[in-house]
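Notes for the one structure printed next.
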Amino acid sequence: MKRQLFLSPHVHVYEVEYGGHFTKVLHHAIFNYCYFLTGESWKSLWGLITKGELSYMELPVEKLIREHILVPSGYSAGALVDHLLRTTDYLNRPSIGIIYVAFSTKCNLACDYCFVMNNMPDSYAPTNTNNIQFDQIRNWLASFLQTKDDRIEDKLSIIGYGGEPLLSYQKLDALFSELKYASSNSRVLDFELITNGTLINESAVEFIKRHNVRLAVSIDGPKIVHDTHRRTRENKGTFDLITKNLSRLAENDIHFGISITLTDDNRSVLSNFVRSLQSRFGVQSVGINLMLYGGNDSPRAKPTLDNRALQEAYLASKAIGVYEDRLGRKVDAFNKKGSVYHKDCGALGHQIVIDPDGSIRPCQAFLGSKLHILGHVNTHCPQDILESEELASWTHICPLRRQQCQSCPAVGMCGNGCVFDSEMRRGSLYEVNEPFCYHTLESLQFCLKEAYMESVEKRGMTAPDISAVGIQDRTFQYSEMYERR
Ligand code: SF4
Ligand code: SF4
Numbered sequence: 001m002k003r004q005l006f007l008s009p010h011v012h013v014y015e016v017e018y019g020g021h022f023t024k025v026l027h028h029a030i031f032n033y034c035y036f037l038t039g040e041s042w043k044s045l046w047g048l049i050t051k052g053e054l055s056y057m058e059l060p061v062e063k064l065i066r067e068h069i070l071v072p073s074g075y076s077a078g079a080l081v082d083h084l085l086r087t088t089d090y091l092n093r094p095s096i097g098i099i100y101v102a103f104s105t106k107c108n109l110a111c112d113y114c115f116v117m118n119n120m121p122d123s124y125a126p127t128n129t130n131n132i133q134f135d136q137i138r139n140w141l142a143s144f145l146q147t148k149d150d151r152i153e154d155k156l157s158i159i160g161y162g163g164e165p166l167l168s169y170q171k172l173d174a175l176f177s178e179l180k181y182a183s184s185n186s187r188v189l190d191f192e193l194i195t196n197g198t199l200i201n202e203s204a205v206e207f208i209k210r211h212n213v214r215l216a217v218s219i220d221g222p223k224i225v226h227d228t229h230r231r232t233r234e235n236k237g238t239f240d241l242i243t244k245n246l247s248r249l250a251e252n253d254i255h256f257g258i259s260i261t262l263t264d265d266n267r268s269v270l271s272n273f274v275r276s277l278q279s280r281f282g283v284q285s286v287g288i289n290l291m292l293y294g295g296n297d298s299p300r301a302k303p304t305l306d307n308r309a310l311q312e313a314y315l316a317s318k319a320i321g322v323y324e325d326r327l328g329r330k331v332d333a334f335n336k337k338g339s340v341y342h343k344d345c346g347a348l349g350h351q352i353v354i355d356p357d358g359s360i361r362p363c364q365a366f367l368g369s370k371l372h373i374l375g376h377v378n379t380h381c382p383q384d385i386l387e388s389e390e391l392a393s394w395t396h397i398c399p400l401r402r403q404q405c406q407s408c409p410a411v412g413m414c415g416n417g418c419v420f421d422s423e424m425r426r427g428s429l430y431e432v433n434e435p436f437c438y439h440t441l442e443s444l445q446f447c448l449k450e451a452y453m454e455s456v457e458k459r460g461m462t463a464p465d466i467s468a469v470g471i472q473d474r475t476f477q478y479s480e481m482y483e484r485r
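All residue numbers for the sequence shown refer to this note's numbering, where the first residue is 1 and numbers rise by one.
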């Protein structure tokens with residue numbers, strides 16, 4: 001029996017070219033299902049779409065229907081989006097799994113691109129938690145951990161932040177001990193620090209070992225590159241000090257990840273730098289950060305160059321068994337067929353941040369401002385925070401809720417990007433963020449090429465170098481055969 005099927009409006013048709021051969025790629029933008037079709041298979045599928053006939057039965061048509069690649073007449077793409085938005089729990093209610101604690105907004109460095117410091121008013125003076133505030137914050141967090149509420153996850157990461165968190169490590173030490181005790185019958189905790197790496201002395205090492213703290217240390221490249229941006233308040237470079245401290249961590253068997261901010265100065269050296277980190281310190285993971293908005297005078301992101309450098313560094317890291325997190329998380333999302341990567345950022349309902357004075361907010365980048373405060377440890381109990389309207393509206397943010405994103409070819413691996421950056425550049429948390437869009441779309445192209453190379457290898461052929469593969473979105477050529485709503 002003839003049955004007419006259509007390509008779902010969420011399916012994009014790409015053409016991959018390599019060495020004069022053309023392969024069609026079908027990619028479902030929401031679920032990331034992906035098929036590579038030779039000329040014959042594409043002809044067969046096209047026959048089914050245009051005449052309701054398959055010329056031969058090589059294609060797994062039932063599977064393509066189950067995966068929403070082929071859809072019957074009357075199929076509603078909007079209904080699929082509504083269904084996902086309605087039934088995905090964490091898009092509709094907070095689910096807290098991360099707590100940032102900043103006991104000080106003070107930092108011993110003066111990096112020129114710091115998005116926290118550069119967005120503070122000129123009159124801003126760094127603040128520290130005093131002893132009374134410390135007791136209030138500690139008691140509030142202990143009660144948060146003991147609160148029975150399914151909007152708080154069973155496993156929580158407590159992250160020391162700042163400013164530089166090791167400036168107040170004695171407070172963090174006392175807090176972590178207290179929280180371990182408070183959560184012993186309720187929740188599993190792990191501890192983390194995001195540090196500039198300059199203050200890792202012997203006492204800090206003891207503290208790190210005592211609580212099994214995971215570390216993310218910022219270092220941007222070889223000495224000449226790193227010292228360009230990451231300097232002390234006395235204008236001295238910090239590379240030598242940080243690498244000495246990384247050696248101390250390695251000698252003490254403490255694993256750490258590295259956080260690198262992409263600048264004009266380190267793009268061309270990233271791959272070699274990751275290799276040197278691995279051979280010198282045994283580093284197993286790196287995160288390469290795209291520059292966030294740090295005011296008009298601070299260094300700017302350059303999306304085309306940044307993404308090219310990121311992809312090269314990702315491949316170089318992968319080749320030596322190091323996980324690169326920035327592109328790595330997009331690749332993971334692309335490879336997780338059938339599930340949608342709705343959120344790339346914890347601030348969208350997955351985390352809270354405690355300021356030095358006990359204010360509570362969703363995002364650490366607004367530290368030092370009066371913006372986006374959900375409540376305060378003195379006046380709001382954990383339930384008040386979980387029920388806050390502002391937290392609900394951050395939780396609600398998701399690309400699928402935006403009309404313009406619903407037709408984006410990368411919507412299923414986007415995760416929305418950084419809403420702080422959106423507010424700084426576009427004046428609203430809810431706006432799309434062009435540099436992150438560019439990164440996501442480039443990441444999709446990269447994933448499609450990687451998947452194509454794997455498919456070539458599976459057919460027993462030698463995979464080409466990724467830079468030799470060309471890919472183009474041909475969706476528009478076939479769009480009249482889509483069942484549009
Ligand atoms: S909004 Fe941006 S700065 Fe804030 S937590 Fe999310 S990614 Fe980080
Ligand atoms: S935010 Fe940008 S990349 Fe993400 S779905 Fe929307 S348009 Fe696509």
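Just so you know, even glycine gets a beta-carbon here, dropped at the ideal spot from N, CA and C.
Check whether the Cβ atoms of residue i and residue j sit closer than 8 Å, and answer yes or no.
{"i": "Asp325", "j": "Ser285", "result": "yes"}
{"i": "Ala110", "j": "Gln364", "result": "no"}
{"i": "Gln278", "j": "Val322", "result": "yes"}
{"i": "Gly358", "j": "Gln146", "result": "no"}
{"i": "Asn252", "j": "Gly221", "result": "no"}
{"i": "Leu249", "j": "Phe256", "result": "yes"}
{"i": "Leu179", "j": "Ala142", "result": "yes"}
{"i": "Lys106", "j": "Gly163", "result": "yes"}
{"i": "His28", "j": "Ser8", "result": "yes"}
{"i": "Ile242", "j": "Leu270", "result": "no"}
{"i": "Trp42", "j": "Lys63", "result": "no"}
{"i": "Leu167", "j": "Ser104", "result": "yes"}
{"i": "Phe176", "j": "Pro382", "result": "no"}
{"i": "Leu391", "j": "Gly417", "result": "no"}
{"i": "Ile258", "j": "Val213", "result": "no"}
{"i": "Leu26", "j": "Leu37", "result": "yes"}
{"i": "Leu400", "j": "Leu193", "result": "no"}
{"i": "Asn307", "j": "Glu442", "result": "yes"}
{"i": "Lys336", "j": "Tyr33", "result": "no"}
Between the options, which lies nearest to residue i when the distance is taken from Cα to Cα?
{"i": "Gly160", "options": "Ser143, Asp190, Gln136, Ser184", "result": "Asp190"}
{"i": "Arg425", "options": "Asp173, Thr105, Phe115", "result": "Phe115"}
{"i": "Leu246", "options": "Leu292, Arg210, Asn196, Leu448", "result": "Asn196"}
{"i": "Tyr90", "options": "Asn32, Asp355, Leu367, His342", "result": "His342"}
{"i": "Leu367", "options": "Gly346, Ile320, Phe420, Ala410", "result": "Phe420"}
{"i": "Leu305", "options": "Ala316, Cys345, Asp227, Met291", "result": "Met291"}
{"i": "Pro126", "options": "Asp112, Phe134, Asn108", "result": "Asn108"}
{"i": "Cys345", "options": "Thr395, Leu199, Glu164", "result": "Thr395"}
{"i": "Gly412", "options": "Pro121, Leu175, His350, Ile30", "result": "Ile30"}
{"i": "Ile69", "options": "Gly52, Tyr35, Arg86", "result": "Tyr35"}
{"i": "Leu488", "options": "Asn307, Ile65, Lys236, Ala77", "result": "This structure does not reach residue 488, given that the chain is present from 1 up to 485, and the question cannot be answered."}
{"i": "Cys398", "options": "Ala77, Val81, Gln311, Glu40", "result": "Val81"}
{"i": "Leu59", "options": "Ser76, Gly74, Pro72, Gly39", "result": "Gly39"}
{"i": "Asp149", "options": "Asn130, Arg93, Asp122", "result": "Arg93"}
{"i": "Val225", "options": "Glu431, Ile260, Trp140", "result": "Ile260"}
CB of residue i to nearest heavy atom of ligand 2: below 7 Å?
{"i": "Val81", "result": "no"}
{"i": "Asn307", "result": "no"}
{"i": "Gln404", "result": "yes"}
{"i": "Glu38", "result": "The sequence shown places Thr at residue 38, not Glu. For ligand 2, not one heavy atom lies less than 7 Å from the Cβ of Thr38."}
{"i": "Cys345", "result": "no"}
{"i": "Ala493", "result": "Because the chain spans 1 through 485 in this model, residue 493 falls outside it and cannot be assessed."}
{"i": "Cys414", "result": "yes"}
{"i": "Thr521", "result": "Absent from the model: residue 521. The displayed extent of the chain is 1 to 485, so no value can be given."}
{"i": "Cys34", "result": "no"}
With which residues is residue i paired in a DSSP beta bridge?
{"i": "Cys34", "result": "His27"}
{"i": "Glu15", "result": "Lys24, Gln472"}
{"i": "Thr232", "result": "Leu109"}
{"i": "Phe256", "result": "Leu215"}
{"i": "Tyr100", "result": "Ile159, Val353"}
{"i": "Thr198", "result": "Bridge partners of Thr198: none, in fact."}
{"i": "Glu192", "result": "Ile159, Arg214"}
{"i": "Tyr323", "result": "Ser285"}
{"i": "Gly328", "result": "According to DSSP, Gly328 bridges with nothing at all."}
{"i": "Pro72", "result": "Leu5"}
{"i": "Arg361", "result": "Val353"}
{"i": "Thr263", "result": "According to DSSP, which records beta bridges pairwise, Thr263 is partnered with nothing at all."}
{"i": "Gly237", "result": "Arg231"}
Looking at residue i and ligand 1, is the gap between the Cβ and the nearest heavy atom below 7 Å?
{"i": "Phe436", "result": "no"}
{"i": "Cys418", "result": "yes"}
{"i": "Cys447", "result": "no"}
request  = Say whether the segment 88–102 touches the segment 149–157, bearing in mind that this needs 3 or more beta-carbon pairs closer than 8 Å, one atom from each stretch.
outcome  = Because the criterion of three Cβ pairs below 8 Å is met, the segment 88–102 and the segment 149–157 touch.
inquiry  = Would the segment 10–20 count as touching the segment 440–456 if we require 3 or more Cβ pairs under 8 Å?
reply    = Look at the beta carbons and you see the segment 10–20 touching the segment 440–456: at least three pairs across the two are nearer than 8 Å.
ask   = Are the segment 231–238 and the segment 202–213 in contact at 8 Å, needing three or more beta carbon pairs?
value = No: the two stretches stay apart, fewer than three of their Cβ pairs being nearer than 8 Å.
query = Is the segment 405–413 touching the segment 370–379 in the sense that three or more CB pairs, one from each, lie closer than 8 Å?
reply = Using a Cβ-Cβ distance cut-off of 8 Å, the segment 370–379 and the segment 405–413 are not in contact, since fewer than three pairs of beta carbons, one from each stretch, lie closer than that value.
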